[in-house]
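One structure is given here, and the rest of the page talks about it.
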Amino acid sequence: MWKGLFLSLPSESINSSLVPVMNGLANNGYEIIWYNNHALKGNNSFKFKTYPAFDSGYDSPWIHSDSSYYRLTEVLMDTTIHLMDFLIAEVEREQPDFIIYPHLSIWAKLIARYFKLPAIMCSTTFVMDQRIMIPYFRKFRTATGAGTEKVDQAFNFLSKAKQLYKRLNITERVDIWDAYINSGNLNLVLIPEEFQPDINLLDESYKFIGFPTILPAKTSERKLVYVSLGTILNVDTAFYNICIQAISSLQLEGIISLGKSLKKESLDPVGNEITLAESVDQNATLLEAAVFVTSGGMASVSEAVAAKTPMIVIPQTTEQKITAERIADLGLGVHLDRSALTMPNLSERILQLMNDPSYKEKITALSDEMSAMQVTDKTIKLISTYLDKELKLNHT
């Protein structure tokens, strides 16, 4: 059977979405080697190898709300340059038949081009095509300089990329906008079509599969508000205090996940009805919650849909703002701007989601559709069909 290298990057959302896919491929006879900074938890059917250490390379906790689009592309290119000799040696040693990778992995796209191997991109968020993103960047531009304004960083990316392309004898034009996509021969997008803005702009190599998170059915639901900003942008003390005040004013139960960077002592006092925790079992909590307050990272959105829990989305990045708009448009929850967030309007939105059954009905319908689609199995089938055709042609 065919051998593939999965060239990943540090990201909890990528791990949770793609570990089942890589295990599925391995269990179907493919030899899969997963590369990342740190070994994964649990028993997996694929092999694992560690990247060489690189202190200034990409890591998802590096991202913050005023990170510019171009700065992140430069960090991704620096990581690519650092990894390239290692990856060339690994491909020569392992002799893979294909390369598979998540959407931010520039190094994987380029190593596939260099060795002329089939490339499969797996995106855990919507496709950030420039025809989609440029209008949104203009719309969401802020006074802090976040977004597209820091063009010196774009020049840094382009200069470094051109040197690397020349070294690898890659003749195609450097495209800074592809740094957030890294399109391959087959592009699998693990979200429902409904979450992709301007889907008509994308070609037939993009296959939308649905959210991969599958949870057991809800057996009970409490008047519980669950609050989490994920693992990246979670140090906003004022935000958490507003949440505490809103939940307390409504006399509801609350569970607030703070992460490791924020201490309970820095927040307002809470009563017995609210639990502050460094971390929680998010899937289990979502299965009990009536409302989920989130920044709108796609992994958390996927889990909320699987749990059939309506969302209040308070986004902090451009990507999350686009997702928040889609959630509101689809009737799966509501979108609140962080700059306009107050205790009264958060309280009002919590009651809105609890009292209007349409939110629950729409998120339940989408969740049931995802379960019926058997997302992981469909992903494995698409990969297998493509590889069987492509690799048999290459070996004749």
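According to this note's numbering, the sequence shown is numbered sequentially starting from 5.
Built from N, CA and C at the ideal position, the CB exists for glycine as well.
Discussion item. With three or more beta-carbon pairs closer than 8 Å as the criterion, would you say the region 8–17 touches the region 97–107?
Written reply: Yes, the region 8–17 touches the region 97–107.
Discussion item. Going by DSSP in three states, A298 sits in which element: helix, strand or coil?
Written reply: In the sequence on display, residue 298 carries Thr and not Ala. DSSP places T298 in strand when its eight states are reduced to three.
Item to complete: Quick one: measure Cβ to Cβ for L340 and I316, integer angstroms, because I've assumed they're closer than 8 Å.
Response: At roughly 6 Å, the Cβ-Cβ gap stays under 8 Å, so L340 and I316 are in contact.
Worksheet item: Within the chosen definition, does the region 301–310 reach the region 170–190 through at least 3 CB pairs nearer than 8 Å?
Response: Taking 8 Å as the limit for Cβ pairs, the verdict is that the region 170–190 does not touch the region 301–310.
Worksheet item: Considering only C-alpha positions, which residue in the set K364, Y74, F90 and A293 is nearest to G258?
Response: When only C-alpha atoms are compared, the closest one is A293.
Worksheet entry | Contact the region 157–174 vs the region 185–196: 3+ CB pairs below 8 Å | Result no; under three Cβ-Cβ pairs closer than 8 Å.
Worksheet item: Can you tell me whether M137 is buried or exposed, with buried defined as 16 or more other CB within 10 angstroms of its CB?
Response: Around the CB of M137, 16 or more other CB atoms lie within 10 Å, so the residue is classed as buried.
Discussion item. Taking 8 Å as the limit between beta carbons, can you name the residues of its chain near N287, skipping five residues before and five after?
Written reply: Closer than 8 Å at Cβ, skipping near neighbours: T217, L219, E307, A310 and A311.
Worksheet item: Can you check whether the CB of I318 is closer than 7 Å to the CB of R342?
Response: Result yes, Cβ atoms of R342 and I318 sit closer than 7 Å.
Practice prompt. Can you say whether K268 is buried or exposed, counting buried as having 16 or more other CB atoms within 10 angstroms of its CB?
Written response: Counting the other Cβ atoms within 10 Å of the Cβ of K268 gives fewer than 16, which makes it exposed.
Worksheet item: Taking the Cβ atom as the reference point for each residue, do I246 and L345 lie within a distance shorter than 7 Å?
Response: Taking 7 Å as the cut-off, the beta carbon of I246 is found closer than this to the beta carbon of L345.
Discussion item. The ligand NAD and T54: does any heavy atom of the ligand fall closer than 6 Å to the residue's C-beta?
Written reply: This structure simply doesn't include the ligand NAD, nor any ligand for that matter.
Item to complete: Determine the direct distance from the alpha carbon of A123 to that of F161, and round the result to whole angstroms.
Response: Roughly 22 Å between the two C-alpha positions.
Practice prompt. Have a look at Y184 and G275 and give me their C-alpha separation to the nearest angstrom.
Written response: Computed Cα separation, rounded: 43 Å.
Item to complete: Return the first residue and the last residue of the alpha helix (DSSP H) that Y118 is part of.
Response: Where Y118 is concerned, the enclosing alpha helix (DSSP H) stretches over I110 to F119.
Practice prompt. Return yes when the Cβ of Y55 is within less than 7 Å of the Cβ of Y74, no when it is not.
Written response: Between Y74 and Y55, the CB-CB gap reaches or exceeds 7 Å.
Worksheet item: Between which two residues does the alpha helix (DSSP H) containing T175 stretch?
Response: Per DSSP, T175 belongs to no alpha helix (DSSP H) and is neither H nor E.
Worksheet item: What did DSSP end up calling G263 once you bin it into helix, strand or coil?
Response: Secondary structure of G263 (DSSP, three-state): coil.
Item to complete: Please specify which runs of the beta strand (DSSP E), each continuous and at least 3 residues long, are wholly inside the region 176–235, giving them in chain order.
Response: The region 176–235 is shown to contain whole beta strand (DSSP E) runs of 3 or more residues at 190–193, 210–212 and 228–232, in chain order.
Worksheet item: So, helix, strand or coil for I138, using DSSP?
Response: Residue state, collapsed to three classes: helix.
Practice prompt. Over the uninterrupted alpha helix (DSSP H) stretch that includes P24, give me the two end residues.
Written response: Unbroken alpha helix (DSSP H) run through P24: E16 to N31.
Practice prompt. Would you kindly work out how many angstroms separate the C-alpha atoms of V239 and R97, rounded to a whole number?
Written response: Answer to the nearest angstrom: the Cα atoms are 43 Å apart.
Discussion item. Let me check understanding here. Comparing Cα to Cα, which of A250, T241 and D285 lies closest to L271?
Written reply: Selected option, being the one with the closest Cα: T241.
Discussion item. Would V95 and F119 be called neighbours here (beta carbons separated by less than 7 Å)?
Written reply: In contact: V95 and F119 (Cβ atoms closer than 7 Å).
Worksheet item: What is the DSSP secondary structure of I278, counted as helix, strand or coil?
Response: Residue state, collapsed to three classes: strand.
Fill in: Beta-carbon proximity check, P22 vs C126, cutoff 7 Å
For clarity, residue 22 is Leu in the given sequence; the question names Pro instead. Yes, Cβ-Cβ distance for L22 and C126 is below 7 Å.
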